[in-house]
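Following: one structure in structure tokens, then a few remarks.
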Amino acid sequence: MKRYLVFALVGPFVGGFLLLLTTTYQSGYWAQTSLGEVGKLFAVFFKSLQYSYLFGILPSVMLGAVDDILVHIRRIGPGLRMLLVGLLAFVLASLIYSSRGPDSGAVQFILYGLVGFVPAVISSWLVHRYVEEPQAVAAPT
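For the sequence shown, counting from 1, position 17 maps to 17 in UniProt numbering; every step adds exactly one.
Structure (structure tokens):
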């Protein structure tokens, strides 16, 4: 249960911040902004944090379930498990958030993919580091 709690707390927080950074980059905000206005970015982040949790908690818990399934496979180590969960989150976030119009491209696909990849890998690493993992039981022969 702790695994799902870590994914539910960390995923929407980090993912919401990265989504805000990606959308501000895509809109050209950073090309016209001075460093003095970065405080506005954090104000918007904390005002929209409730929506990050509202829309991000279910996908984060689903990735926690994938991580939970992969932890029971003995041949998959922690590093590979983090990579697999991150790659799944990368693909899903890229497909969900990126557009298919004329402004789409590799940069947009990668940026929106990182919105899913980074929180999933961080959550999976935190679970591996701080939550006891069940010991895999060998099948009787």
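Yeah, the Cβ is synthetic: ideal placement off N, Cα and C, and Gly gets one too.
Cβ distance (whole Å) where residue i is taken to contact residue j below 8 Å
{"i": "Tyr97", "j": "Val115", "result": "6 Å"}
{"i": "Leu88", "j": "Leu49", "result": "At roughly 24 Å, the Cβ-Cβ gap does not stay under 8 Å, so Leu88 and Leu49 are not in contact."}
Proximity winner among the options, relative to residue i (alpha-carbon distances)
{"i": "Leu41", "options": "Thr24, Ala106 and Gly28", "result": "Thr24"}
{"i": "Gly105", "options": "Phe46, Gln26, Ile73 and Ile69", "result": "Gln26"}
{"i": "Gly56", "options": "Leu19, Asp68, Arg3 and Asp67", "result": "Leu19"}
{"i": "Leu84", "options": "Gln50, Ser94, His128 and Phe117", "result": "Phe117"}
{"i": "Leu92", "options": "Met1, Met82, Val131 and Tyr112", "result": "Tyr112"}
{"i": "Ala65", "options": "Tyr130, Arg129 and Ser123", "result": "Ser123"}
{"i": "Pro59", "options": "Arg81, Val131, Tyr4 and Val127", "result": "Tyr4"}
Within 8 Å, strictly: CB atoms of residue i and residue j
{"i": "Gly16", "j": "Ser52", "result": "yes"}
{"i": "Pro119", "j": "Val44", "result": "no"}
Is there contact between the segment 72-82 and the segment 31-39, where contact requires at least three CB pairs shorter than 8 Å? no
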